[in-house]
Amino acid sequence: MGESKKDIVVYDGICVLCNSFLRWLLKNDVNDHFKFTTFESLYIQKKFPDIILLDSVIVITKDNLILKKGNAFLHILRKLKKLKLLVFILSLFPLKIIDFFYTIIAKTRYKIFGKYNSCPVVEKKYLKKIIK
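Residue numbering for the sequence shown is -13 to 118, as defined by this note's numbering.
Structure follows, in structure tokens:
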């Protein structure tokens, strides 16, 4: 990967829900598993030009596997070792069902939660985790 030996979480920079999730991840990634970037970043445009703004958070693993939707969400929670009960319950369902509900939330995220005019600034203490 060159730039990072960590998994990279790619998120929608103007989505209020996505940014709330990002802030939660930044606070809870105490073992420094992840780096973060937006779909609009120069990093994504140059290194992964096929990745475009999707209705999904994406994880690019350190092995360059691209995880989307429920798979990405579960990967993040498992790495952080957070919300273990939720991970256990979701793991009981086939990924297609998790992705179905993920897609419903993702497609209505702007309507329900809104969107920013531009990507909000991350707290200074987390800037080293952001790839531009």
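All C-beta atoms, glycine included, are put in the ideal place defined by N, C-alpha and C.
The structure displayed is predicted, hence computed values, not measured ones.
Cβ shell of residue i (< 6 Å), same chain only, five flanking positions each side left out
i: residue 54; result: 42 and 44
Environment of residue i [buried if 16+ CB atoms lie within 10 Å]
i: residue 104; result: exposed
i: residue 107; result: exposed
i: residue 115; result: buried
i: residue 111; result: exposed
i: residue -2; result: buried
i: residue 102; result: exposed
i: residue 48; result: exposed
Among the options, the one whose alpha carbon lies nearest that of residue i
i: residue 77; options: 56, -3 and 17; result: 56
i: residue 17; options: 51, 25, 63 and 28; result: 63
i: residue 34; options: 81, 93, -5 and 100; result: -5
i: residue 113; options: 12, 92, 2 and 83; result: 12
For residue i: DSSP bridge partner residues
i: residue 102; result: In DSSP, residue 102 forms no bridge with anything.
i: residue 23; result: -4
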